[in-house]
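Our numbering numbers the first residue of the sequence shown as 599 and each following residue consecutively.
Taking it in order: structure first as structure tokens, then the write-up.
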Amino acid sequence: MADYLTEIKSIEDEMRKTQYNKATEHHFGVLKAKIAKLRERHEARQKARGSGYSFSVKKSGDATIILVGFPSVGKSTLLNSLTGSKSETASYAFTTLTVIPGVLKHRGAKIQILDVPGILSGAAAGTGRGKEVLGVVRSADMVLFVVDASHPEQVSKLRKEVYDSGVRLDESMPAMRIVKTPRGGVRVLTTCKQEISNKTFEDILKQLGISNATIVLREKISVERFIDGVQGGKSYLSSIIVLNKSDLVEKNILSDSIKISGAKISVSATTKENIEKLKDLIYDSLKLIPIYLKEMGKEPDIKVPLIVRDGATIKDICNRIHRDVEKLFKYARIWGPSAKFPAQIIRDLDRKVKGGDIIEVHAR
599 MADYLTEIKS IEDEMRKTQY NKATEHHFGV LKAKIAKLRE RHEARQKARG SGYSFSVKKS
659 GDATIILVGF PSVGKSTLLN SLTGSKSETA SYAFTTLTVI PGVLKHRGAK IQILDVPGIL
719 SGAAAGTGRG KEVLGVVRSA DMVLFVVDAS HPEQVSKLRK EVYDSGVRLD ESMPAMRIVK
779 TPRGGVRVLT TCKQEISNKT FEDILKQLGI SNATIVLREK ISVERFIDGV QGGKSYLSSI
839 IVLNKSDLVE KNILSDSIKI SGAKISVSAT TKENIEKLKD LIYDSLKLIP IYLKEMGKEP
899 DIKVPLIVRD GATIKDICNR IHRDVEKLFK YARIWGPSAK FPAQIIRDLD RKVKGGDIIE
959 VHAR
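Shown next as structure tokens:
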């Protein structure tokens with residue numbers, strides 16, 4: 599039986615020993631495609647054995663973030679500091695995996711925070727029940743990396759585990775489309791100049807088992823993003839890096855750790871230093887906006903906003919009110935930033951709303 603992980607390591611070792619330049623660009627592209635295919639086969643084998651992503655955590659609130667870090671970095675203490683002592687907590691047990699949820703109430707939003715067990719190096723390959731942990735990550739809206747302030751090198755290791763599990767951080771889905779065809783080879787259509795040759799695109803596709811297809815590219819694409827676009831099945835999440843235990847390191851060391859890790863903030867979950875700033879950072883990074891609902895003939899409910907993600911539409915608002923509202927929708931009246939004039943009538947369900955809008959939905 600093929601040992602896919604050993605093959606992957608062998609290819610990665612070869613890539614490390616080979617200098618990347620224009621002459622080796624094609625070779626690197628093919629090797630990366632081989633790794634992607636081997637990972638896909640490894641995942642299929644793991645799922646067949648019943649050790650794949652076989653569980654989920656029920657999402658609640660306006661958004662879900664997950665705390666990811668190595669053991670003993672203070673994730674549990676940070677969860678308590680963010681959610682407060684009055685927040686309800688419980689345990690979801692999945693065999694040997696436990697996920698501890700909490701709720702951060704901030705600026706009118708209810709943000710679900712999930713604390714999962716600390717992961718180990720090799721988690722994406724299954725070490726320390728890592729697959730189950732990283733499976734929860736895929737269901738979240740944002741990853742909050744919790745890193746010991748004295749060990750900034752943890753960030754690159756954590757990012758690799760998350761990447762290897764099929765999660766792409768702080769990037770959008772590739773702007774491309776692939777249509778498989780019965781014959782004709784590979785045809786590449788692009789709206790912008792590509793640095794990758796058509797030959798490389800063709801050989802990557804062959805490694806992924808595709809010999810005939812039309813590819814439409816709408817961005818200057820990298821090999822990695824091209825492979826992701828072809829394979830699909832990736833999760834695209836935002837992320838924040840937080841250095842914890844800032845109270846235990848000297849200021850000059852903390853400053854160096856921030857530069858090395860790329861952290862946006864340092865906190866102390868124990869002393870509560872910068873916890874309020876972290877709450878604001880979480881809210882802003884999730885791009886949450888308040889919408890105020892109004893019933894016909896009544897004043898809008900300003901005290902209790904409906905919190906949605908930036909880019910939300912009238913359709914999203916209807917579904918948040920009740921699952922049947924979209925089917926019965928006639929029109930909406932809008933006051934506020936997105937309205938051209940007060941009480942503007944909108945019949946388009948795909949119309950985007952803006953933070954601060956007052957919306958009155960009319961249904962049949």
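Glycine residues also receive a C-beta, built at the ideal position from the N, C-alpha and C atoms.
Under a three-way DSSP split, which group does residue 751 fall into? coil
Where residue 680 and residue 702 are concerned, what is the direct C-alpha to C-alpha distance, given to the nearest angstrom?
6 Å
Looking at residue 738 and residue 776, is the spacing between their C-beta atoms short of 8 Å? no
task: Taking 8 Å as the cut-off, decide whether the C-beta atoms of residue 771 and residue 819 are in contact.
output: no
(Q) Could you check whether residue 935 and residue 952 sit closer than 8 Å to each other, using their CB atoms as the reference points? (A) yes
**Q.** Proximal residues to residue 786 (C-beta, below 6 Å), its chain only, five neighbours per side dropped
**A.** 796, 799 and 813
How big is the Cα-Cα spacing for residue 926 and residue 961? 5 Å
I want to know whether the region 851-861 touches the region 872-885 - three or more CB-CB distances under 8 Å. no
So is residue 778 buried or exposed if we call it buried at 16+ other beta carbons inside 10 Å?
exposed
- request: Let me know the secondary structure DSSP gives residue 661 once reduced to three states.
  value: strand
Original post:
Is it the case that the Cβ atoms of residue 898 and residue 825 are separated by a distance below 8 Å?
Top reply: no
**Prompt:** So is residue 881 buried or exposed if we call it buried at 16+ other beta carbons inside 10 Å?
**Reply:** buried
Quiz prompt | Nearest-angstrom Cα separation, counted from residue 706 out to residue 942 | solution = 26 Å
Can you give the Cα-Cα distance for residue 805 and residue 636, rounded to whole angstroms? 10 Å
- Task: Locate the alpha helix (DSSP H) running through residue 913, then write down its first and last residues.
- Result: 912-919
Mapping the DSSP letters down to three states, classify residue 837 as helix, strand or coil. strand
| Should residue 570 and residue 841 be called a contact, given that it needs their Cβ atoms to be closer than 8 Å? | Lying outside 599 to 962, the shown extent of the chain, residue 570 is not represented and no answer is given.
(Q) Out of 677, 914, 891 and 887, which one is the CA nearest neighbour of residue 908? (A) 887
* To do: Report back the beta-carbon spacing between residue 883 and residue 838 to the nearest angstrom; my notes put them in contact at under 8 Å.
  => 6 Å
Worksheet entry | Extent of the continuous alpha helix (DSSP H) to which residue 604 belongs | 602-615
* Give me the Cα-Cα distance between residue 789 and residue 895, rounded to the nearest whole angstrom. => 51 Å
Worksheet item: Where does the unbroken beta strand (DSSP E) through residue 929 begin, and where does it stop?
Response: 927-933
Indicate the three-state DSSP secondary structure (helix, strand or coil) for residue 700 in the structure shown. strand
* To do: Specify, as a first and last residue, the run of the beta strand (DSSP E) that residue 797 falls within.
  => Note, residue 797: premise wrong, no beta strand (DSSP E); alpha helix (DSSP H) at 796-805.
Excluding the 5 residues flanking residue 618 on each side, which residues of the same chain have their C-beta closer than 7 Å to its C-beta? 626
At the level of alpha carbons, what is the spacing between residue 652 and residue 765? For residue 652, the pLDDT reaches just 45, beneath the cut-off of 50, and the residue's location in the model is therefore unreliable, although a value from the coordinates is still provided. Rounded to whole angstroms, residue 652 to residue 765 spans 17 Å at the Cα level.
For residue 622 and residue 700, the rounded distance between their alpha carbons: 49 Å
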